[in-house]
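Undergrad: Have a look at the structure that comes next, please.
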Amino acid sequence: MHKYIIMGIQGSGKGTQAKLLAEDLELEHVSVGDIFRWNVQHHTKIGAQVKRTMAAGRLVGDELVESVVRERLAAHDWNFGFIIDGFPRTARQAQFFLESYDIDGVINLHLDDEEVSRRVLARRLCSQCGMDYNLIAHRPEHEGACDVCGGALVTRADDNPEALATRLAAYHAETRPLIDIFQHKEFVVTIDAGQPVDVVQAEIRKSLALPARAAG
Ligand SMILES: [Zn+2]
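Start counting the sequence shown at 1; every next residue gets the next number (this note's numbering).
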């Protein structure tokens with residue numbers, strides 16, 4: 001049973017890489033972002049809190065993140081390993097997490113701030129069906145219109161340079177001490193996330209001595 005933590009700033013393809021790993025290694029992909037999105041979509045109390053925080057360009061508070069993760073991990077039956085994304089976020093959480101779970105490795109996806117900005121500011125969202133687009137990696141067939149429903153493509157409220165700068169600064173301030181803690185345990189693999197998705201995935205597996213991705 002494998003247990004991994006994956007770290008990477010938004011735009012680094014963290015969710016995509018975690019899903020690819022989870023897919024054929026039978027890992028549970030525990031994504032704090034996905035849990036929050038579900039809550040927003042279903043208009044829960046947690047969802048309302050998350051929405052307010054994100055609109056202000058801030059990160060969701062530690063207490064909320066911790067309670068959500070605790071609940072999710074307690075629901076897990078542990079016959080399978082997991083790859084967790086979006087947690088831990090503070091030094092205290094990291095220490096607790098490493099003591100409670102026998103983590104096999106930490107995957108750190110590295111992307112320069114400039115490339116993060118380029119990728120994040122190219123994101124678009126269908127105003128009708130919610131489908132995600134990216135003007136660099138996933139262009140719509142017709143400019144400004146959704147391939148699926150024809151709806152107008154818009155930018156997320158928090159994908160503007162000011163909110164992004166705030167998130168970048170917060171990410172670096174939070175992440176540096178975490179990487180230090182993980183590195184003391186000597187199982188951090190840092191991968192250049194500026195490469196194509198398949199290359200990044202292959203490098204992650206090679207670094208962790210995992211089998212290559214199943215063909216097809
Ligand atoms: Zn659409």
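All C-beta atoms in this analysis are idealised placements derived from N, C-alpha and C, irrespective of residue type, glycine included. Remember, predicted model here, so these are calculated numbers, not experimental data.
Verify the contact flag: Val148, CB atom, against every heavy atom of ligand 1, threshold strictly below 7 Å.
TA: Checking every heavy atom of ligand 1 against the Cβ of Val148, one is found closer than 7 Å.
Undergrad: With burial defined as no fewer than 16 other Cβ atoms inside 10 Å of the residue's Cβ, what is the status of Arg123: buried or exposed?
TA: Result: buried.
Undergrad: What's the call for Gln41, buried or exposed, on a 16-neighbour Cβ count within 10 Å?
TA: That one is exposed.
Undergrad: Does the beta-carbon of Gln128, which I'm using as the reference point, lie nearer than 7 Å to any heavy atom of ligand 1?
TA: Yes, Cβ of Gln128 sits closer than 7 Å to a heavy atom of ligand 1.
Undergrad: Cβ of Gly151 versus every heavy atom of ligand 1: is any distance shorter than 7 Å?
TA: It does: the Cβ of Gly151 is within 7 Å (strictly closer) of some heavy atom of ligand 1.
Undergrad: Name the DSSP beta bridge partners of Glu28, please?
TA: BP columns for Glu28 point to Phe82.
Undergrad: Whole angstroms are fine: how far does the CA of Ala165 sit from the CA of His110?
TA: When rounded, the distance between both Cα atoms is 17 Å.
Undergrad: Where does Gly8 sit, in a helix, a strand or coil, going by DSSP?
TA: Strand at Gly8.
Undergrad: Between the alpha carbons of Ile46 and Ile35, how many angstroms are there, rounded?
TA: Computed Cα separation, rounded: 10 Å.
Undergrad: Since I believe Leu121 is in contact with Asp159 (beta carbons under 8 Å), could you give me their beta-carbon distance rounded to a whole number of angstroms?
TA: The Cβ separation is near 6 Å, so the contact holds.
Undergrad: What does the Cβ neighbour count give for Asn79, buried or exposed, with the cut at 16 atoms within 10 Å?
TA: That one is exposed.
Undergrad: Please state whether DSSP places Ile191 in a helix, a strand or coil.
TA: Here Ile191 sits in strand by DSSP.
Undergrad: Alpha helix (DSSP H) containing Arg123: first to last residue?
TA: It is not in any alpha helix (DSSP H) - Arg123 instead sits in the beta strand (DSSP E) that spans Arg123 to Cys126.
Undergrad: Determine the extent of the beta strand (DSSP E) in which Val120 is found, giving its start and end residues.
TA: No beta strand (DSSP E) contains Val120, which is instead part of the alpha helix (DSSP H) from Asp113 to Val120.
Undergrad: Is His131 near ligand 1, judged by its Cβ being under 7 Å from some heavy atom?
TA: Residue identity check: residue 131 is Met in the sequence provided, not His. Correct: Met131 has its Cβ closer than 7 Å to ligand 1.
Undergrad: Just the C-alpha distance for Arg139 and His29, rounded to the nearest angstrom, thanks.
TA: Roughly 27 Å separates the two Cα atoms.
Undergrad: Count the other CB atoms within 10 Å of the CB of Pro196; is the residue buried (16 or more) or exposed (fewer)?
TA: Its Cβ having fewer than 16 others within 10 Å, Pro196 is exposed.
Undergrad: What are the boundary residues of the alpha helix (DSSP H) that includes Gly47?
TA: Per DSSP, Gly47 belongs to the alpha helix (DSSP H) from Lys45 to Ala55.
Undergrad: Quick one, which of Val199, Gly13 and Leu21 has its alpha-carbon nearest Gly105's?
TA: Taking only the C-alpha atoms, the option nearest Gly105 is Leu21.
Undergrad: May I ask you to report which of helix, strand or coil DSSP gives Tyr171?
TA: Correct three-state label for Tyr171: helix.
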